[in-house]
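As numbered in this note's numbering, residues 1263 to 1639 make up the sequence shown, in order.
Before any comments, here is the structure.
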Amino acid sequence: MGFDFDNPTNRLETDSIRWDTFDSKNVLPLWVADMDFESPPCIIEALSKRVENGVYGYTHSPDGFNRLIAQYVFEQYQWKIDPDWVVILPSVVSGLYTSVQQLTNSDENVLIPNPVYHHLRLACSSSNRLFIEMPLHLNKQRWLIPFEALPSLLTNKTRLALFCNPQNPGSTVYTHEELKTFGNFCVQNNLWICSDEIHAGLVLDEAKKHIPLASISTEIAQRTITLMSPNKTFNFPGSGLAWAIAENPLLRKAIQVGLHQTIALPNLFAYTAASAALKEGEPWRQELIQYLRLNRDLIQAKINGLDSLSIGKMEGSYLAWIDCSKLNHINPHQLLLDAGLATSPGSQFGNSNFVRLNFGTQRSRLNQALDILTSVA
Ligand SMILES: Cc1ncc(COP(=O)(O)O)c(C=O)c1O
């Protein structure tokens, strides 16, 4: 079945954060990380059926939901988990904040990548935890953790590492060897790990696959909370749901603190959408990946032809991390905004010389964006 990713969806008057923040008549908004595509038909059908029922009372997770997740994780990543290791959360972000709050004391600090999705940093600062940044560097066009420098970064108060794989921004899909090195380092230094793997379903590199960090060894699994969600892959973050996987019962207990109290459970539509995605979304996901690969190739070709912009290898997800240092402009994000393109400012993730471009959009819109990039370069 062919899905129409070129369909020019209209997101105006849907209260979209991405489309309503800037003047949509003059600015093409390719920033916040949701896609401009309709969700898979299986999700739309399941939600429509649920809406038609008309009664939206308190809802528990569907029967066998944890088993469905365990089966999905096995099929997709060949990671064998027990359904009892799964804790359902309303979002990955809430899992990040709970992990920091529960796995560190107030005088302990947290290792995080830089650049990184801003909530990893905010999860620390909002709880008054110091964080130590692992500066990612380009190695053969891939943004990598500085493995050799890791020991020099730790203090005797470092208790937790927050990890992001596939990496946002930068889009690295870490290899088995890289994950083993990082995981073993954490084990040897008694660090807990919270691994944000929300972009796992969006590996674009033909030679790579997503490997959950906790699947590398029992020792690593015993120290790791893995956060995953179908929201990003199947594009329903506005009615989202996530799960944590923790083999260690202590970690499972920690990630549940506040759930159903200060942290609300997922809403009923999120359960409906997630069940449909996991059961029937795979053909759509396969076609999505093909579409995103062509978008990735267009960006790569365009940027390779421009002297003042550069980009590393785009291995996963739909977020291009573009180096604008050679533009010699104090605020490349503003420069592009003035030219009619809203990107995410690199400063949000830790480097103001970069912008992050969301290419989860129709090719006609992406081509418009690439014309604007060319006009400022
Ligand atoms: C790495 C990463 N983690 C978490 C999130 C947000 O997840 P959620 O909507 O489930 O809170 C995003 C969204 O862009 C992300 O890129």
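From the three backbone atoms N, C-alpha and C, an ideal C-beta is built for every residue, glycine too.
Just so you know, these numbers come straight off a predicted model, no measurement behind them.
Just tell me which of Thr-1417, Ala-1423, Glu-1307 and Leu-1392 has its CA closest to the CA of Ile-1407. Out of Thr-1417, Ala-1423, Glu-1307 and Leu-1392, Ala-1423 has the C-alpha closest to the C-alpha of Ile-1407.
Which of the three DSSP states is assigned to Glu-1300 in this structure? When DSSP states are grouped into helix, strand and coil, Glu-1300 belongs to the coil group.
Using DSSP bridges, identify the partner residues of Glu-1395. As DSSP reads the structure, Glu-1395 sits in a beta bridge with Ile-1374.
Grab the span of the beta strand (DSSP E) containing Arg-1618 for me, first residue to last. That run of the beta strand (DSSP E) goes 1616-1620.
Ends of the beta strand (DSSP E) at Ser-1457? Where Ser-1457 is concerned, the enclosing beta strand (DSSP E) stretches over 1454-1458.
Out of Ala-1639, Phe-1393 and Ile-1455, state which residue places its alpha-carbon closest to the alpha-carbon of Leu-1568. The shortest C-alpha separation from Leu-1568 is found at Ala-1639.
Under three-state DSSP, which class holds Gly-1500? Gly-1500 carries a helical assignment under DSSP once its states are collapsed to helix, strand and coil.
Any chance the CB of Ile-1279 is under 7 Å from a heavy atom of ligand 1? No.
Spatial neighbours of Leu-1384 in its chain, beta-carbon cut-off 7 Å, leaving aside the 5 residues before and after: Sequence-distant Cβ neighbours of Leu-1384 in its own chain, meaning closer than 7 Å and more than five residues away, do not exist here.
Between the C-alpha atoms of Gln-1523 and Glu-1300, what's the straight-line distance to the nearest angstrom? Cα-Cα distance, rounded: 33 Å.
For Gly-1502, which residues in the same chain have their Cβ closer than 8 Å to its Cβ, ignoring the five residues on either side in sequence? For Gly-1502, the CB contacts under 8 Å within the same chain, skipping 5 residues up- and downstream, are Pro-1352, Ser-1353, Ser-1491, Asn-1493, Pro-1528 and Ala-1532 in chain order.
Between the Cα of Arg-1485 and the Cα atoms of Leu-1599, Leu-1466, Gln-1450 and Leu-1464, which residue gives the shortest distance? Of the candidates Leu-1599, Leu-1466, Gln-1450 and Leu-1464, Gln-1450 places its Cα closest to the Cα of Arg-1485.
Taking 7 Å as the line, does the beta carbon of Gly-1500 fall inside it for any heavy atom of ligand 1? Gly-1500: no, Cβ never under 7 Å from ligand 1.
Would you report the Cα separation of Ser-1626 and Ser-1479, rounded to the nearest angstrom? Going by C-alpha positions, Ser-1626 is about 44 Å away from Ser-1479.
Between which two residues does the beta strand (DSSP E) carrying Leu-1422 extend? Note, Leu-1422: beta strand (DSSP E), 1420-1426.
What residue range is occupied by the uninterrupted beta strand (DSSP E) comprising Leu-1358? Looking at the DSSP string, Leu-1358 is not in any beta strand (DSSP E); the run it does join, the alpha helix (DSSP H), is 1354-1365.
Sub-8 Å separation of Ile-1561 and Leu-1632 beta-carbons: Inclusion of Ile-1561 and Leu-1632 in the CB contact set at 8 Å is warranted, their separation being smaller than that value.
Once you ignore the five residues that flank Leu-1571 on each side, which residues in its own chain have a CB closer than 8 Å to its CB? Annotation for Leu-1571: Ile-1565, Ile-1584, Asp-1585, Cys-1586, Lys-1588, Leu-1589, Leu-1635 and Ala-1639 place their beta carbon closer than 8 Å to its own, counting only its chain and skipping 5 residues before and after.
Apart from the five residues on each side of it in sequence, which residues of its chain come closer than 7 Å, Cβ to Cβ, to His-1380? If the five residues before and after His-1380 are omitted, its C-beta is found closer than 7 Å to the C-beta atoms of Gln-1610 and Phe-1611, all from its own chain and listed in chain order.
To the nearest angstrom, how far is it from the Cα of Lys-1311 to the Cα of Thr-1534? Cα to Cα, the separation comes out at about 10 Å.
Quick one: complete beta strand (DSSP E) runs, 3+ long, within the segment 1274-1355? Runs of the beta strand (DSSP E) inside the segment 1274-1355: 1348-1351.
Kindly list the residues whose CB is nearer than 8 Å to the CB of Phe-1425, restricted to its own chain and excluding five residues on each side of it in sequence; keep chain order. Apart from the 5 residues on each side of it in sequence, Phe-1425 sits with its Cβ closer than 8 Å to the Cβ of Pro-1375, Phe-1444, Ile-1455, Cys-1456, Ser-1457, Asp-1458 and Leu-1475 in its chain, given in chain order.
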